[in-house]
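**Q** So the sequence shown is residues -16 to -1, 1 to 223, counted in mature numbering (1 follows the signal peptide of the UniProt record, and there is no 0).
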Amino acid sequence: MLSVIVLVVVLAITQAYDNIALNKSTYQQSPYKPGDDTYDAKRTTKVSEVYGCHKTGYYTSNCSIPCPDVNCQLCHIETGACQVCKPGQQCELECDRGFFGIGCNEKCGHCRDEYQCSNETGVCLTGCGAGYKGDLCKTRCDKGSYGVGCNETCGHCRDLNQCSNVNGTCLTGCGTGYQGDLCKPHGKSRVTIFQRTVQKPFEQRDSTGHISKYLVDIGTLRTTIKTRNTYNMLSMYLC
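1) Please state if the CB of T153 and the CB of D143 are separated by a distance shorter than 9 Å.
2) Looking only at C-alpha atoms, which of D53, N55 and H60 sits nearest to C47?
3) Below 8 Å, how does it come out for the segment 92 to 103 and the segment 113 to 122: are there three or more Cβ pairs, yes or no?
4) Starting from the C-beta of C147, find all residues in its chain whose C-beta is less than 8 Å away, skip the five residues before and the five after it, and write them out in chain order.
5) Quick one: is N103 buried, meaning 16 or more other Cβ sit within 10 Å of its Cβ, or exposed?
6) Taking all protein chains shown into account, do 16 or more other C-beta atoms lie within 10 angstroms of the C-beta of N149, making it buried, or fewer, making it exposed?
7) Which same chain residues end up closer than 7 Å to C66 when comparing Cβ atoms and leaving out the 5 residues on each side of it in sequence?
8) Note down, in chain order, each residue of its chain lying with its Cβ closer than 8 Å to the Cβ of C125, except the 5 sequence neighbours on either side.
9) Out of curiosity, what's the CA-to-CA distance linking S196 and E187?
10) Look at the alpha carbon of Y43 and the alpha carbon of E136, and state the distance between them as a whole number of angstroms.
11) In this structure, how does DSSP classify C112 when only helix, strand and coil are distinguished?
12) Got a sec? Which residues, its chain only, sit under 6 Å from G85 by beta carbon, not counting five neighbours each side?
13) Which of the three DSSP states, helix, strand or coil, is assigned to V107?
14) So is Y11 buried or exposed if we call it buried at 16+ other beta carbons inside 10 Å?
15) State the DSSP-derived secondary structure class of E62, mapped to helix, strand or coil.
16) Taking buried to mean at least 16 other C-beta atoms within 10 Å of its own C-beta, is G193 buried or exposed?
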């Protein structure tokens, strides 16, 4: 026990690093079998020790030399061969388009511009494509909304859960009283009626020769304007 304490103190003072796990076999067992010393913790190791230095991007026994590849995060402690790349890199190359993260194993979301997905974090730098939201653009629009920025409102779908988050199409048809792919009214209908009395000047002479002037109602003019995208005018003269 005393020797273990002394070893820990020496390591702490000198900042030395000895990868005792290098090229050593390790074992792992689940579940643990009581009484079987072959599988106790004495022969386990940490993954970071297998790769090498405690300081990322360096190798050799005293961890003083940078890994040969600048995009390498962990390299072999003896050879310098890259074991794990930095996020967003394939070590010598950046991730292929549409991928990001450590080892380029993560897939980008629904970015508006697939070239604008951060190869390190996956953030869509110019926003999401239609139907998605969030920094990574992997979250669908809330129920009842769709389109770019989820700013459009779904129509009168038979089932609101079946409104396309991308273009608003009602996938299972419309509710009662509506039609079309979006199940929305094609415009507000309005009927306006203008009505006025039509009069005509009229003169009448009496027995003395005096002339009287009148306005005589001769009918009603009614104009109907119906609005539904286009304007139709209908005038009727009623006698």
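All residues carry an ideal CB built from backbone N, CA and C; glycine is no exception. Predicted model only: the values in this text are computed from it and were never measured.
**A** Per the coordinate set shown:
1) Counting from 1 along the sequence shown, the entry for residue 143 is found at position 159. Counting from 1 along the sequence shown, the entry for residue 153 is found at position 169. Against a cut-off of 9 Å, the Cβ pair of T153 and D143 comes out as no contact.
2) Within the sequence shown, numbered from 1, the residue matching residue 47 stands at position 63. Of the listed residues, the one whose Cα sits closest to C47 is H60.
3) Two segments are said to touch when three or more pairs of C-beta atoms, one from each, lie closer than 8 Å; by this definition the segment 92 to 103 touches the segment 113 to 122.
4) Walking along the sequence shown from the start, residue 147 turns up at place 163. Closer than 8 Å at Cβ, skipping near neighbours: K127, G128, Y130, C138, G139, C141, T153, C154 and L155.
5) Here residue 103 is taken as the residue at index 119 of the sequence shown, counted from 1. Classification for N103: buried.
6) One-based indexing of the sequence shown puts residue 149 at position 165. N149 sits buried, since 16 or more C-beta atoms from the chains shown fall within 10 Å of its C-beta.
7) In the sequence shown, counting from the first residue as 1, residue 66 sits at position 82. Excluding residues within five positions, the ones whose Cβ falls inside 7 Å are C51, D53, C56, C59 and C75.
8) Position 141 of the sequence shown holds residue 125. If we look at C125 and ignore the five residues flanking it on each side, its Cβ neighbours are G115, Y116, K117, G131, C134 and N149.
9) Counted from its first residue, the sequence shown places residue 196 at position 212. Counted from its first residue, the sequence shown places residue 187 at position 203. Taking the Cα positions, S196 is about 6 Å away from E187.
10) As a working note, residue 43 is residue 59 in the sequence shown. As a working note, residue 136 is residue 152 in the sequence shown. In a straight line, the C-alpha of Y43 is about 55 Å away from that of E136.
11) Counting from one through the sequence shown, the residue named residue 112 turns up at place 128. Three-state result, C112: strand.
12) Numbered from its first residue, the sequence shown carries residue 85 at position 101. These residues qualify, in order along the chain: P71.
13) On the sequence shown, residue 107 is found 123 positions in, with the first residue counted as 1. Coil at V107, not helix or strand.
14) By one-based count along the sequence shown, residue 11 stands at place 27. For Y11, the predicted structure reports a pLDDT of 42, less than 50, and the residue's modelled location is therefore unreliable. The matter cannot be settled from this model.
15) Position 78 of the sequence shown, counting from 1, holds the residue named residue 62. DSSP places E62 in coil when its eight states are reduced to three.
16) For the purposes of this step, residue 193 is taken as the residue at position 209 of the sequence shown. By the neighbour-count rule (16 or more Cβ atoms within 10 Å), G193 is not buried but exposed.
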